[in-house]
Every structure is written in structure tokens, then in C-alpha cells.
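**Student:** Under the UniProt record's numbering, the first residue of the sequence shown is numbered 1, with each subsequent residue one higher. Glycine is no exception: its CB is placed at the ideal position from the N, C-alpha and C atoms. Remember, it's a predicted structure, so these values are computed and weren't measured experimentally. Take this structure first; my questions come after.
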Amino acid sequence: MPISATYNTGGAQMPGRWRGVPRQESGAVWFQMRGMLTVFSCSKAPGIEFPLLHAAKPPIHRPYRKPKFRVARPETVESSFAMSFKVCCLNSTIGVKPLLQTRSASAVGIAWRQQVLNCSPQFQNFASGKSVTVAMTATMPPKAEPRSSGIYVPRETNKQSAHSILPERLEIIKSLDAWAGDNILPYLKPVEKCWQPQDHLPEPSSEAFYEEVMELRARAANLPDDYLVVLVGDMITEEALPTYQSMLNTFDGTRDETGASPTSWGVWTRAWTAEENRHGDLLNKYLYLTGRVNMKAVEKTIQYLIGSGMDPKTENNPYLGFVYTSFQERATFISHGNTARQAKEFGDSKLATICGLIAADERRHENAYSKIVEKLFEVDPDGAMLAFGDMMKKKITMPAHLMYDGIDQNLFANFSMVAQRTGTYTATDYADILEHLVNRWNVAKVDGLSPEGRQAQEFVCTLAPRVRKLEERAQLKPKRTPKTETFSWVFDRELQMW
Ligand SMILES: [Fe+2]
Ligand SMILES: [Fe+2]
1 MPISATYNTG GAQMPGRWRG VPRQESGAVW FQMRGMLTVF SCSKAPGIEF PLLHAAKPPI
61 HRPYRKPKFR VARPETVESS FAMSFKVCCL NSTIGVKPLL QTRSASAVGI AWRQQVLNCS
121 PQFQNFASGK SVTVAMTATM PPKAEPRSSG IYVPRETNKQ SAHSILPERL EIIKSLDAWA
181 GDNILPYLKP VEKCWQPQDH LPEPSSEAFY EEVMELRARA ANLPDDYLVV LVGDMITEEA
241 LPTYQSMLNT FDGTRDETGA SPTSWGVWTR AWTAEENRHG DLLNKYLYLT GRVNMKAVEK
301 TIQYLIGSGM DPKTENNPYL GFVYTSFQER ATFISHGNTA RQAKEFGDSK LATICGLIAA
361 DERRHENAYS KIVEKLFEVD PDGAMLAFGD MMKKKITMPA HLMYDGIDQN LFANFSMVAQ
421 RTGTYTATDY ADILEHLVNR WNVAKVDGLS PEGRQAQEFV CTLAPRVRKL EERAQLKPKR
481 TPKTETFSWV FDRELQMW
């Protein structure tokens, strides 16, 4: 497990590297850092190599202690702390010998390989008593891997709750079937009025096919790699549609019981899936024709993802499920809207149209799902409020959070970072969606709630500003050492992460 550390010495970046095995416990890793940061000084001239352990002057020791901190999987999390000290010998060459030790929650200590940083005139900064920041970045591997025996093991096995809906709420949702027929099914578009992928692709039966493909490739030639990675990630998310239909059919009271159930909920689920199916289909074919992405790597990622499924923590509960889908459809509306805008900026107007059409579908679907939750707020305000609060406490996981291409253990986190950096889908969007739903459902004005319901109301109404504040603070943090990652989707080319 690689653990990398960076010493920030008042502007000079001194990379170091340690290896160790922190303890993993139920989806998280705990560290405790303690030890001694030792500064050596000697009278030799700057730039001349010398063994620090034989420094002419006695070393200065300063203890530091970092309280226990938790690294959530599978994100890359950085923790940093700082200390100030002065060296005893001014205008001399000095070095830093960190003695780092981690301690897991269960007090299993791990000694880190000591590393002596090279002496450098830059260390003279210390002489002025500037603070030294020691940052630690830990990258966690996934908990479960596909086994080489060929038996596929899901990549994440969180503790999962099931069938949490109360009997009276199950009756409420069942009683809304006729209402859904009148109010939700109209959000579907008749097939004959829907666009189809072929409307926006070169016509293979036409003599002009090859010419049209060449035009498409010329338009796509200027799409940068980071744009392509985000678009591929969005396309893969759409292509895992079997998972989402399965997810809808886990909901008690609304599932399609037979596969061709005539209930409004059943009709909606099938027709929604059929509309969504066009999204991945069109993006996949378009990206294939551009010749810009590694299609086999993309196809492997889709197969892995559908095999892994998703864990949205909706507990078979349609109250939770429809809060999730309301949020998620708006997130995809925002993301596709941004890829449309960016495609136009990069000179691919056809791709802009495609992404725009998909975004419009997502908007329509968002309106339908939001209307269901709006109705739940009307007939069962306490139940709807508790569901909204519960989903936001658990945080909305993206549908493709178990994404894997057979190579990159942090593929989803890396893809998300590129989406954040390119402004396609960001932490600010998360806060905006939350705020939009709070307003859409008039959450602040809901009354007649239980004490738990009022608590949930308070939580969701104050969450968006808190998310924004955290994001602002993250932006204000000192710039980290530039980092790159390779993506199999673009033939293992490197992309800037930050
Ligand atoms: Fe979609
Ligand atoms: Fe969607």
C-alpha cells in the first residue's frame, strides 16, 4: 500500500516515500501519527553531500503528534499538519530526518522507513523559523477484488439495510398507483416522438456514410483528453442501465412484479429504462466513430461495472429511492449540460447537440421523480422529510461508484476528480442540487412534523451552505504538488489531476 509524503519547506517541495500497511476496518483506515521530526545541522557548505547522521552539531528534536484520523475508502485523502522550529546553526546546510509512526485504531503500531532528505540551500528557510508542513496522502485499495478464479466478487460490500419501509408507508405508496398514472406517466414521451440515436449518427446504409464518418472524426479531433475522459465516464454510467432498472425493481410497493406489470409504477420503470437506453447507445456509438478512445478498455469497464452493481443505500424503500432518483437525474442533467457546452467550445457542434438532447431527457425524468417526492411530502410529510434527511446524511453516491477497468483501483475517484477540475460535475453542483430540491419541495415550510422530522428538516435546510463552506475551504488550501494519473480509456495517456 503506497503512502506518500511531501515536505513543504516554505516553498521547496521535498518528496519522500514510505511504505506500510495501515489497518483497515469496516470501510475505513485509521492512522495515528506520532514521532519526532529531527533537524540536523552542520557547518559544511551548501550543496555538498554528507551523511546527515554524522552531523557536526547535535540534532534538534521536536516532537509532534497528529491525533487519530480516519481515511475513508476509496478516496484519496490528504492530511497535513505543521510545526515551527529554528535551526541552531544559521547559514549552514541542514537536513530533516522524519521519524514517522502510524498507529491504527486498535493500537497496532507501524514504523515507517526513515528517510533522510537531501541537504539543500533551500533549507536555509528554516533558519528564519518558518513552519514546516508534513503532508501525508494515503490511497486505499478496494476492499474486494475480482478473483482470478473467474468468480466475480463485488468491489464493495458495505453493511446493507433492507426493507426499511414501515407497513403504513408501504400502503401509502401502493395507494398512489392511480395518481402516478395520471401525474407521472405523462412525463414519458411517446416512442414515435422520441429522438433515436440513429437520428444523430452517420447513416450506415448511405453512400455518404464514410464521408460523414470522416466529418465526425474531424470535428472530434480537437476534443482534449480530459473532456474525453469525462464523456467516457458519463457514457459508461449510462451504459450500466441494467443496474438502475434492477435498482428501481428493488423498491417495495412500486417494483415491476412480473416484468410486464400493468401498474403505473411498472409501466413507468420499463418506459423510463427504454428512454434512458438511448443515452448510452448514442454516446457509445459516437465515441466509437471518433476513434479517439480505447473502446476495448471502455467495454471492459462497462462489463465490470454492471457486474458490480451499485449500492445507493435505498434499502428497498421507495421513499428513499425516489429522493435518490430526483437527486441523481438532476446531477446527470447538469453533467450532460456541461459536456454539451464544452463540446461546443471545442468545436464539435454535433456532439453538443447530442449531449444537450440527453440533458433534456434527464431534466424531464428529474421532474417526474421530484413530483413523486412532492406528493409524498403532501400525503406523508414526516415520512418524506425523514427519507430526505436520511439520504442526505448517507450522502448521495453516484451510480457508477464501483467503476473499474481492470487496472485502476481508484478509477471512479480519478474520473470524478477530472470532472471536478473541468467543471463538469463539482462539489458546488452537489450543494446546488440539494438547495434546488429543498426549494422545490418547500422543505423549510413543511409543518406538523415529529421531533425526528424536525431534526431532519433542520439538517437538510442547513446542509447546502455547510457543503459550500467545506468546498471553499478546500479551494483555499495551499496548492498540492501536481499529480497525474493515466486512463486506459485514452490509451494510458497521463492527465493532470490537480
Ligand atoms: Fe441518462
Ligand atoms: Fe437519467
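Give, in chain order, every unbroken run of the alpha helix (DSSP H) that is at least 4 residues long and sits entirely within the region 246 to 314.
**Tutor:** Qualifying alpha helix (DSSP H) stretches, in chain order: 264 to 290 and 295 to 308.
**Student:** Return yes when the Cβ of A340 is within less than 7 Å of the Cβ of G356, no when it is not.
**Tutor:** Their beta carbons are under 7 Å apart, which means G356 touches A340 by this criterion.
**Student:** Determine the burial state of A240: buried for a count of at least 16 other Cβ atoms within 10 Å of its Cβ, exposed for fewer.
**Tutor:** Buried, since its Cβ has 16 or more Cβ neighbours within 10 Å.
**Student:** So what does F487 bridge to, in DSSP terms?
**Tutor:** DSSP, once it has assigned bridges, lists R493 as partnering F487.
**Student:** Between E452 and ligand 1, is there a pair consisting of the residue's CB and a ligand heavy atom that are separated by less than 6 Å?
**Tutor:** Checking every heavy atom of ligand 1 against the Cβ of E452, none is found closer than 6 Å.
**Student:** Less than 7 Å between the beta carbons of L320 and A387, yes or no?
**Tutor:** In this structure, A387 lies closer than 7 Å to L320 by Cβ.
**Student:** Taking the C-alpha atoms as reference points, what is the distance between T258 and T273?
**Tutor:** Spanning the two alpha carbons is a distance of roughly 16 Å.
**Student:** Would you say the beta carbon of E238 comes nearer than 6 Å to a heavy atom of ligand 1?
**Tutor:** Yes - ligand 1 has a heavy atom lying nearer than 6 Å to the Cβ of E238.
**Student:** Using CA atoms only, rank isn't needed, just tell me which of P482, D447 and T353 is closest to M497.
**Tutor:** Of the listed residues, the one whose Cα sits closest to M497 is P482.
**Student:** Does the Cβ of E276 lie closer than 6 Å to at least one heavy atom of ligand 1?
**Tutor:** Result yes, Cβ under 6 Å from ligand 1.
**Student:** Confirm, please, whether the CB-CB distance from P197 to residue 499 is below 7 Å.
**Tutor:** What is shown of the chain runs 1 to 498, which leaves residue 499 out entirely.
**Student:** Have a look at L228, A474, S488 and Y288 and flag the residue whose alpha-carbon is nearest the alpha-carbon of F346.
**Tutor:** The shortest C-alpha separation from F346 is found at L228.
**Student:** Would you say the beta carbon of T314 comes nearer than 6 Å to a heavy atom of ligand 2?
**Tutor:** No; taking the cut-off as 6 Å, the Cβ of T314 has no heavy atom of ligand 2 nearer than that.
**Student:** Does the Cβ of Q342 have 16 or more other Cβ atoms within 10 Å, making it buried, or fewer, making it exposed?
**Tutor:** Counting Cβ neighbours within 10 Å, Q342 comes out buried, since at least 16 surround it.
**Student:** Taking only three categories from DSSP, how would you classify Y425?
**Tutor:** Coil, per DSSP.
**Student:** Where does I358 sit, in a helix, a strand or coil, going by DSSP?
**Tutor:** I358: helix per DSSP, three-state reduction.
**Student:** Comparing the C-beta of G337 with each C-beta of chain E, is any distance below 7 Å?
**Tutor:** The question asks about chain E, but that chain is absent: this structure has only one protein chain.
**Student:** Between the Cα of W268 and those of R421, L248, N284 and D281, spot the shortest distance and give me the residue it belongs to.
**Tutor:** Closest option to W268, Cα to Cα, is L248.
**Student:** Going by Cα to Cα distance, which pick from L470, R493 and L289 is closest to P202?
**Tutor:** Closest option to P202, Cα to Cα, is L289.
**Student:** If you draw a straight line from the alpha carbon of E494 to that of T484, how long is it in whole angstroms?
**Tutor:** Their backbone Cα atoms lie some 6 Å apart in a straight line.
**Student:** By Cβ distance below 8 Å, which residues in the same chain neighbour residue 508 in space, the five residues on each side in sequence not counted?
**Tutor:** Summary: the structure shown does not reach residue 508, with the chain confined to residues 1 through 498, and so no result is reported for it.
**Student:** Going along the chain, which residues of its own chain have a beta-carbon closer than 8 Å to the beta-carbon of V467, five neighbours each way excluded?
**Tutor:** For V467, where only same-chain residues beyond five positions count, the Cβ hits under 8 Å are A427, Y430, A431 and L434.
**Student:** Within the same chain, show all residues whose beta-carbon is closer than 6 Å to that of R169, passing over the 5 residues directly before and after it, in chain order.
**Tutor:** Around R169: G383.
**Student:** State the Cα-Cα distance for the pair D405 and R480, rounded to the nearest angstrom.
**Tutor:** Spanning the two alpha carbons is a distance of roughly 27 Å.
**Student:** Classify L100 as helix, strand or coil using the three-state DSSP reduction.
**Tutor:** Per-residue confidence for L100 stands at a pLDDT of 38, beneath the threshold of 50, marking its modelled position as unreliable; no derived number is given.
**Student:** Tell me the start and end of each unbroken alpha helix (DSSP H) in the region 399 to 456 that is at least 4 residues and wholly inside, in chain order.
**Tutor:** Within the region 399 to 456, the complete alpha helix (DSSP H) runs of at least 4 residues are 411 to 421 and 427 to 440.
**Student:** So does the region 360 to 370 actually touch the region 397 to 416, counting three or more Cβ pairs closer than 8 Å?
**Tutor:** With a cut-off of 8 Å, the region 397 to 416 and the region 360 to 370 do not count as touching, because too few Cβ pairs lie within range.
**Student:** For N317, does the three-state DSSP call read helix, strand or coil?
**Tutor:** If DSSP states are grouped into helix, strand and coil, N317 belongs with coil.
**Student:** Any heavy atom of ligand 1 closer than 6 Å to the Cβ of H436?
**Tutor:** No - ligand 1 has no heavy atom lying nearer than 6 Å to the Cβ of H436.
**Student:** How many Å lie between D311 and A180 at the Cα?
**Tutor:** Rounded to the nearest angstrom, the two C-alpha atoms are 26 Å apart.
**Student:** Suppose contacts are defined by Cβ-Cβ distances below 7 Å. Is Q457 in contact with M385 by that definition?
**Tutor:** Their beta carbons are under 7 Å apart, which means Q457 touches M385 by this criterion.
**Student:** Would you tell me roughly how many angstroms separate the C-alpha atoms of I165 and G309, rounded to the nearest one?
**Tutor:** Whole-angstrom Cα-Cα distance: 22 Å.
**Student:** Look at T243 and I306 and say whether their C-beta atoms are less than 7 Å apart.
**Tutor:** Their beta carbons are under 7 Å apart, which means T243 touches I306 by this criterion.
**Student:** Apart from the five residues on each side of it in sequence, which residues of its chain come closer than 6 Å, Cβ to Cβ, to I358?
**Tutor:** The answer, listed in chain order, is H279 and H336.
**Student:** Count the other CB atoms within 10 Å of the CB of R292; is the residue buried (16 or more) or exposed (fewer)?
**Tutor:** Answer is buried; the Cβ neighbour count reaches 16.
**Student:** Could you tell me how far apart the beta carbons of I396 and Q328 are, in whole angstroms, since I believe they sit closer than 8 Å?
**Tutor:** That pair is a contact at about 7 Å.
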